[in-house]
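Chemist:
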Ligand SMILES: NC(=O)c1ccc[n+]([C@@H]2O[C@H](COP(=O)([O-])OP(=O)(O)OC[C@H]3O[C@@H](n4cnc5c(N)ncnc54)[C@H](O)[C@@H]3O)[C@@H](O)[C@H]2O)c1
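Numbering (my numbering), first residue to last: 260 to 598.
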């Protein structure tokens, strides 16, 4: 298929490009490099020996989208482009609604103009909010507690209405907590600022960039008192997009899928795995709980297995070892190659 990948230079997008090229799909990336760099795409080209057409532009700009759509004529779109920091979304709600909601609207309008009927959307487990029951399945009520989560829920609703009206297909992938890096250690997560997520933070402590890890709360009702999350290796997540493209080829309408492992790990377990992978001490300081954090969450991903034939195969050790290989081999991320 010819696949337009918005946000393809980002963390999950770049790993997905590798999997798409590995399956002989043709790709075109649209990215404004707001949180990434063209260097990432050079790494993908080197790694795959594949062709990656890239357009620098904003997913909210109708003219840019029209040009890309008419030139590339995609069979499907994978829509990663968006803003993703929960904390920032609370202080910059309009910015988040603009990129995540208006960006999705503009993209769908442009798809309509060229008759492109398939889209895979980067949604998030944050759409569920406070668990009514666990594991979350796709029928769990949607009640996001952050602006970020609400932007994802609104985009899901828009996509479902579009699919209904147009006869198109929208696959809504609700990611749990993406971690890890490509086995080559040439691609990985490269946060521009202080990492928002646990794994890159641990990695930066291990490599000596930060003195210690704050653990926010060790008195939760969990086996070791620290929060439990469902971590998903980014390569497994990337492969879920390839499975979703296949699914979209012979289904219509909107369908949501949880993308997790169903096996949650605590903060302490993540730190222990990373100590083993890196051989580094990783000092930890226990701090008070953060407002809005929940004790535990995990996915029921059985629908993704039964309907798309997808399941996660990477282990916790794979997550820690690949993150360490990436971080220690690229202590400054992609920066050293930027102009
Ligand atoms: N990483 C996570 O923890 C996580 C979890 C659930 C969902 N998601 C979603 O998955 C998607 C990808 O996440 P990621 O971790 O790869 O993030 P990322 O920031 O690494 O990638 C996003 C990409 O989109 C680009 N972008 C941002 N705004 C844009 C715009 N207006 N026009 C064009 N390009 C734009 C960025 O430059 C970047 O390359 C996002 O939509 C995110 O909300 C991420």
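C-beta: ideal position from N, C-alpha, C; glycine also.
Which of helix, strand or coil does DSSP assign to residue 271?
Modeler: Collapsing the DSSP output to three states places residue 271 in a helix.
Chemist: Would you say residue 331 touches ligand 1, meaning its beta carbon is less than 7 Å from a heavy atom?
Modeler: no
Chemist: Is residue 339 closer than 8 Å to residue 269 when the C-beta atoms are compared?
Modeler: In this structure, residue 339 lies closer than 8 Å to residue 269 by Cβ.
Chemist: Output the boundary residues of the alpha helix (DSSP H) element that contains residue 579.
Modeler: 575 to 588
Chemist: Excluding the five sequence neighbours on either side, which residues of its own chain have a C-beta within less than 6 Å of the C-beta of residue 285, listed in chain order?
Modeler: Around residue 285: 261.
Chemist: Does residue 320 come out as helix, strand or coil in the three-state DSSP assignment?
Modeler: coil
Chemist: Does any heavy atom of ligand 1 sit closer than 7 Å to the C-beta of residue 591?
Modeler: no
Chemist: Round the Cβ separation of residue 492 and residue 571 to the nearest angstrom and send it over; I've been treating them as touching at under 8 Å.
Modeler: 7 Å
Chemist: Do residue 340 and ligand 1 come close, with the Cβ less than 7 Å from some heavy atom?
Modeler: yes
Chemist: Taking the alpha helix (DSSP H) that residue 505 belongs to, which residues open and close that run?
Modeler: 493 to 508
Chemist: In the DSSP assignment, the alpha helix (DSSP H) including residue 416 goes from what residue to what residue?
Modeler: 406 to 425
Chemist: Near residue 309, what residues of its chain come up, given a Cβ to Cβ distance below 7 Å and the 5 sequence neighbours on each side ignored?
Modeler: 280
Chemist: Can you have a look at residue 459 and say buried or exposed, based on whether 16 or more other CB atoms are within 10 angstroms of its CB?
Modeler: buried
Chemist: What did DSSP end up calling residue 371 once you bin it into helix, strand or coil?
Modeler: helix
Chemist: Looking at the structure shown, is residue 559 part of a helix, part of a strand, or coil, going by DSSP?
Modeler: coil
Chemist: Which whole-angstrom value is the C-beta distance of residue 393 and residue 563, which I expect to be below 8 Å?
Modeler: Wrong, their Cβ atoms sit about 17 Å apart, outside the cutoff.
Chemist: Is residue 560 near ligand 1, with its Cβ less than 7 Å from a heavy atom?
Modeler: Incorrect: residue 560 has no Cβ contact closer than 7 Å to ligand 1.
Chemist: Alpha carbon to alpha carbon, what distance is there between residue 529 and residue 582?
Modeler: 12 Å
Chemist: For residue 318 versus residue 366, is the C-beta spacing smaller than 8 Å?
Modeler: yes
Chemist: Taking C-alpha atoms, which residue in 543, 514, 436, 334 lies nearest to residue 473?
Modeler: 543
Chemist: What's the gap between the Cα of residue 305 and the Cα of residue 400?
Modeler: 43 Å
Chemist: Can you check which of these residues, 274, 312, 375, is closest to residue 422 by C-alpha distance?
Modeler: 375
Chemist: Considering only C-alpha positions, which residue in the set 327, 288, 346, 312 is nearest to residue 552?
Modeler: 346
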